[in-house]
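Trainee: In this note's numbering, the protein residues as written are 880 to 1099.
Where is the CB? At the ideal position from N, CA and C, for every residue including glycine.
(1) When you compare the CB positions of residue 991 and residue 937, do they come within less than 7 Å of one another, or not?
(2) Contact check, residue 942 vs residue 967 under 8 Å by CB: the rounded distance?
(3) Tell me whether residue 1036 sits in a helix, a strand or coil according to DSSP, three-state version.
(4) Could you have a look at residue 1020 and say whether DSSP puts it in helix, strand or coil?
(5) Please list the terminal residues of the continuous beta strand (DSSP E) segment that includes residue 908.
(6) Helix, strand or coil, according to DSSP, for residue 887 in the structure here?
(7) Any chance the segment 897 to 906 sits against the segment 948 to 962, with 3 or more Cβ pairs inside 8 Å?
(8) Helix, strand or coil for residue 1082? Go by DSSP, reduced to three states.
(9) Assuming residue 964 is part of the beta strand (DSSP E), what are its boundary residues?
(10) Which same chain residues end up closer than 6 Å to residue 971 when comparing Cβ atoms and leaving out the 5 residues on each side of it in sequence?
(11) How big is the Cα-Cα spacing for residue 889 and residue 908?
(12) Would you call the segment 913 to 928 in contact with the segment 993 to 1007, where contact means no fewer than 3 C-beta pairs closer than 8 Å?
(13) For residue 936, which of helix, strand or coil comes out of DSSP?
(14) Measure how close the beta-carbons of residue 1074 and residue 1063 come, nearest whole angstrom, since I'm counting them as under 8 Å.
(15) Under 8 Å, with one C-beta from each stretch per pair, do the segment 1079 to 1089 and the segment 947 to 959 reach the 3-pair mark?
(16) For residue 902, I'd like the list of residues in its chain whose CB is within less than 6 Å of its CB, leaving aside the five on either flank, ordered along the chain.
(17) Classify residue 997 as buried or exposed, calling it buried when 16 or more other Cβ atoms lie within 10 Å of its own Cβ.
(18) Report yes if the CB atom of residue 1092 is closer than 7 Å to the CB atom of residue 978, and no otherwise.
(19) So, for residue 1025: in the same chain, excluding its five sequence neighbours on each side, which residues have a beta-carbon less than 7 Å away from its beta-carbon?
(20) Over the uninterrupted beta strand (DSSP E) stretch that includes residue 951, give me the two end residues.
(21) Quick check on the DSSP output: what are the complete beta strand (DSSP E) runs of length 3 or more inside the segment 967 to 994, in order along the chain?
(22) Using a threshold of 7 Å, state whether the C-beta atoms of residue 933 and residue 1030 are closer than that.
(23) Kindly indicate which residue of 1056, 1076 and 1028 has the alpha-carbon position closest to the one of residue 929.
Spelled out as structure tokens, the structure:
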């Protein structure tokens, strides 16, 4: 991230000393520097979040409220630029009495990381409706949360890498630091849960999260 910046900045300093600093070239270089610094800041933040231990203090939470908040945070975090994030329709199929016993902030951020990927994927395709479906199904012991996007899907080789949940790995089609899914995996695993990813090029991606819980209550 930082290595390419040094010669660019040194060149600017030399041009400034010589009184020969072209405004267009300086602006372009500074835009590159800013972009790299933003990425570095995001990387440090993601690494810190990944390294945090999963909290043991947990309480019963309404799942629907967490999912709605996760979508709100994900939309705010994604830039409305080349992708029209606001155009993605979110469809909820979650009963109001579904509950999970979780460390709320960490569980919420795990969901945010997955939802961000889903919204970004859905926004990147124009061939079909841009949608993300969030479905929850429960029994007495556990809840399964399914997040299904209508995006372009993931290539087989990329999917194999993602399923290892190794920090820093990401698909060729996405930006970011590659810490989102691994962090979500750590947090969900810390709640005695699981994450599964299924995808097919042209058919979208499905992420299934299973955690202890149920209708009307959960277990710690």
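Mentor: Taking the structure as given:
(1) no
(2) Rounded, the Cβ-Cβ distance is 21 Å, inconsistent with contact.
(3) helix
(4) coil
(5) Premise fails: residue 908 lies in the alpha helix (DSSP H), 902 to 930, not in any beta strand (DSSP E).
(6) helix
(7) no
(8) coil
(9) Here residue 964 belongs to no beta strand (DSSP E), and DSSP marks it neither H nor E.
(10) 1013
(11) 11 Å
(12) no
(13) coil
(14) 7 Å
(15) no
(16) none
(17) buried
(18) yes
(19) 1014, 1085 and 1087
(20) Run containing residue 951: none in the beta strand (DSSP E); it sits in the alpha helix (DSSP H), 942 to 956.
(21) 968 to 972 and 977 to 981
(22) no
(23) 1056
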